[in-house]
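2 protein chains.
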Amino acid sequence: MSDIRTLESPAPVAGVRLATAAAGIRKVGKVDLCVIEIVPGARTAGVFTRNVFCAAPVIIAREHLNTHSPRLLVINSGNANAGNGQQGFLDARKVCASAASLLPCGMAEVLPFSTGVIGQQLDSAKIVNVLPAILAALSETQWDEASRAIMTTDTVPKCVSAQATVAGRLVTVTGIAKGAGMIKPNMATMLAFVATDAAIRQSDLQGLLQAVVDRTFNRITIDGDTSTNDSCILISTGDLRSATVQPGTPDWHTLAALIEHVGRELARAIVRDGEGATKLVTVRVSGGISESECLKAAYAVAESPLVKTALFASDPNWGRILAAVGRSGVAELRMESIGIALNDYPIIAGGEPVSSYDEAVSARIMAGSEFDIRISIGERPTCVEVLTCDFSFDYVRINAEYRS
Amino acid sequence: MSDIRTLESPAPVAGVRLATAAAGIRKVGKVDLCVIEIVPGARTAGVFTRNVFCAAPVIIAREHLNTHSPRLLVINSGNANAGNGQQGFLDARKVCASAASLLPCGMAEVLPFSTGVIGQQLDSAKIVNVLPAILAALSETQWDEASRAIMTTDTVPKCVSAQATVAGRLVTVTGIAKGAGMIKPNMATMLAFVATDAAIRQSDLQGLLQAVVDRTFNRITIDGDTSTNDSCILISTGDLRSATVQPGTPDWHTLAALIEHVGRELARAIVRDGEGATKLVTVRVSGGISESECLKAAYAVAESPLVKTALFASDPNWGRILAAVGRSGVAELRMESIGIALNDYPIIAGGEPVSSYDEAVSARIMAGSEFDIRISIGERPTCVEVLTCDFSFDYVRINAEYRS
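Residue numbers (our numbering), protein chains in the order written: chain A, 2 to 405; chain B, 2 to 405.
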């Protein structure tokens, strides 16, 4: 992994062009539309939310991706086009049909994505109106602009680009993502689009994306609310005739690590910019009888409003961590196996308070902007990490004022 | 149920005496200790938290209750005596032993209860010091004082008293409870003590309490955090030789309704006084394939931070309700079966937005201090209700400042 180089500014990915526009979906003048054009012959994989009431564009994007190689992604912010009944499907299909006639390509080669308020009809005409201009402006160098166009309550754009040498060739992975609320991804985060110029076969791409997502975007939570619109897309544009990367080889390992690196940095950026968040906290749980048991404890802590308000206050009120683990439903939990530490500073060991514990040390650790809560629940060699953030006045303000 | 009369001020329960004192557990001068003396021959039942890391006093109270009929309950606020390792047990037992020698009674006839901060050693000497004075001050008329002594972050005391005629005799049920955070009771709420002068056999009392708790205290949530100290006690003092109430009779039905009425009013009082709460909201879910499936959806909505901040803002952002149901894991969920209403005002019916829907009407309903969110997830004759409250700036303030 030491040969992965994170770039200061996003590198283009040959075969991927982007453009943005202000379509007036929510506020006049805000850039709220982004298109991503994919070169013919590229491979694209996607994972989507498991929320049963997923948005119309999610259902359509999944359908199209199942049967066709996409040529165009059309992404709007400001309106999720979710909960809109049959009208929502009509609007999303209008956007696809219009974009397809302009590119031109087949309608099923266009994937629609939406993010924003749920339950307000999407004015698809506003998108259709700007499609000719936006398609005329495509270029390989607009990743940063694209990362801004998909923002909703995000306060900073999220764009990560990294390179590594794979099979003697410099490979680029560039991706964008957006948060910042209704975030407990289940199969993918709110919206993330990642592309590489490495050559990966279609049959390998979906498994790779799923593996990366399970270790990155699926291990974060801001408020425990899985969105209706979560989607994560991975594009591979490299020419399959020249330098295909094969699963199981050292090159595959390097490439997978590179893509996971970009996914993890985007996931961290989402949590760091969680609604109202002032801290990025890693909850690490080890020793449970299985990974899924460890995850139960980790999410109970990472989503507890009492833990999260204590994080905001830098208050080492570790009783709340203990109580959350105790109610998490983890199998075979015994007090005498419990350890709790902040970074490597122990608070509880073997179920007993550590006698040398000094609350001032804990408070200093918690005053930092990034730290770990490390919890041991047994002796097994299991370990999971979940990223979370604190729960502040601003979380309430942002979500009480979101639509006003 | 029409013959249940709720009283303005708490009626004494013959055979139950109470007293309170300021023991200095947390703040000097605050009344933080309460004892409840039970007449010999009375029957007492209890349900306790299912949090695996329950507090030392919970473990001891459960042990004592399993083998003995209690004569004395000793309850302190300001310190939960949870997470304190072996020292926590020593302190709770010291309190029991000292109280027993003073009453006098057997040590196992004393039940200890604690509520407050987790993870700080309980200074049992402070309690032991005031026991002689508090035991000298017992009287039947101090229910109101007792309800104040057990408060922590509660802003109002919670005491409910009601009467009904059972078997030709006026029966009294009087109870006290405390919230106000770490509230998602699992078998009981934080602390509740209910007594009746009706004559119920020990063998009937536990089942009655469990049934009442499952329909009242176990259907509320403030922050989803099940406490380490939840306990609910039901005492029956009536003379078994005179007028025992038998399960299955009309009198039993009346008595059970009376006790459930007191439990429900205490549970509602806890949610109404939830930390930072400005609204009491009933989430009613009907039509699922089982009660437990309905409860999954109800708790997903009742605990969603996004729903709860929208409640605070009186913002009818019903997309958040839909999204929470969609991620709740309910079996056989289909969009076309979904209905959402505020009180009886419909928003979604048959999975489609109601065309006549007027957001101003919803906003007016949500501006009230009590209303229902009614969700239909299918056609079955199931129905559950969960009580919740909104999520305000004050929730964050209270929990960020709790220990400072």
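By construction, the Cβ of each residue, glycine as well, lies at the ideal position given by its N, Cα and C atoms.
These numbers come from a predicted model, not from an experiment.
query	result
Distance between A/V32 and A/V75 (C-alpha atoms, nearest Å)	13 angstroms
Assumed close pair B/V308, B/I322 - CB separation to whole angstroms, cut-off 8 angstroms	6 angstroms
Rounded C-alpha distance that separates A/A12 from A/Y346	40 angstroms
Every unbroken beta strand (DSSP E) within the stretch 158 to 211 of chain A, with a cutoff of 3 residues, ordered by chain	159 to 167, 170 to 179 and 192 to 197
Among A/I378, A/P71, A/P58 and A/G320, the one whose alpha carbon lies nearest that of A/E337	A/I378
Where the beta strand (DSSP E) containing B/R149 begins and where it ends	Note, B/R149: premise wrong, no beta strand (DSSP E); alpha helix (DSSP H) at W144 to A150.
Min CB distance B/A189 to chain A below 8 angstroms	Unreliable positioning characterises B/A189 in this predicted model, as indicated by a pLDDT of 44, which lies under 50. The coordinate reading is nonetheless provided below. No, B/A189 does not count as interfacial toward chain A.
Rounded Cβ spacing between B/E38 and B/L73 (contact assumed at less than 8 angstroms)	6 angstroms
Spatial neighbours of B/A342 in its chain, beta-carbon cut-off 7 angstroms, leaving aside the 5 residues before and after	I348 and R375
Selection from B/T383, B/A15 and B/T154 that minimises the alpha carbon distance to B/D395	B/T154
Sheet register partners of B/S293 (DSSP bridge)	B/S293 pairs with nothing; no bridge assigned.
Length of the line joining the Cα atoms of A/V362 and A/A368	10 angstroms
Own chain, CB closer than 8 angstroms to B/I201, minus 5 neighbours either side, in chain order	R44, L209, S237, G239, T245, V246 and L256
CB contact check: B/R328 to chain A, cutoff 8 angstroms	yes
Counted within 10 angstroms of its Cβ, other Cβ atoms place A/V167 as buried (16 or more) or exposed	buried
Stretch-stretch touch, CB-based, cutoff 8 angstroms, three pairs: the stretch 114 to 128 of chain B with the stretch 379 to 389 of chain A	no
8 angstroms Cβ cutoff met for A/L139 and A/A100	no
Selection from B/S329, B/A324 and B/R398 that minimises the alpha carbon distance to A/C55	B/A324
Residues within the stretch 349 to 361 of chain A neighbouring chain B, beta-carbon criterion of under 7 angstroms	G352, E353 and P354
Nearest-angstrom Cα separation, counted from B/C35 out to B/V17	13 angstroms
A/V59 at chain B interface by Cβ criterion, 8 angstroms	no
Contacting positions in the stretch 104 to 134 of chain B - beta carbon closer than 9 angstroms to chain A	V118, I119, G120, Q121 and Q122
Where the alpha helix (DSSP H) containing B/I260 begins and where it ends	P251 to R273
Runs of beta strand (DSSP E) lying entirely within the stretch 37 to 111 of chain A, each at least 3 residues, in chain order	44 to 49 and 73 to 80
Simplified DSSP state of A/E353, which is helix, strand or coil	strand
Secondary structure, alpha helix (DSSP H): runs of 4+ residues fully inside the stretch 334 to 381 of chain A	360 to 367
Same chain only: Cβ atoms within 6 angstroms of B/V161, ignoring 5 sequence neighbours per side	G176, V263, E266 and L267
Neighbour flag for B/W253 against chain A, beta carbons, 8 angstroms	no
Under the three-state DSSP convention, the category B/P306 falls into	helix
With 16 other Cβ atoms within 10 Å as the buried cut-off, status of B/S370	exposed
Residues bridged to A/E386 (per DSSP)	A/R285
A/I322 - containing alpha helix (DSSP H), residue span	G320 to G327
Reference B/T227; option with closest CA among A/A134, A/G351 and A/R328	A/R328
Distance CB(A/A181)-CB(A/E276) smaller than 8 angstroms	yes
Alpha-carbon spacing of A/T310 relative to A/V96, whole angstroms	42 angstroms
Collapsed DSSP secondary structure at A/I223 in the structure displayed	coil
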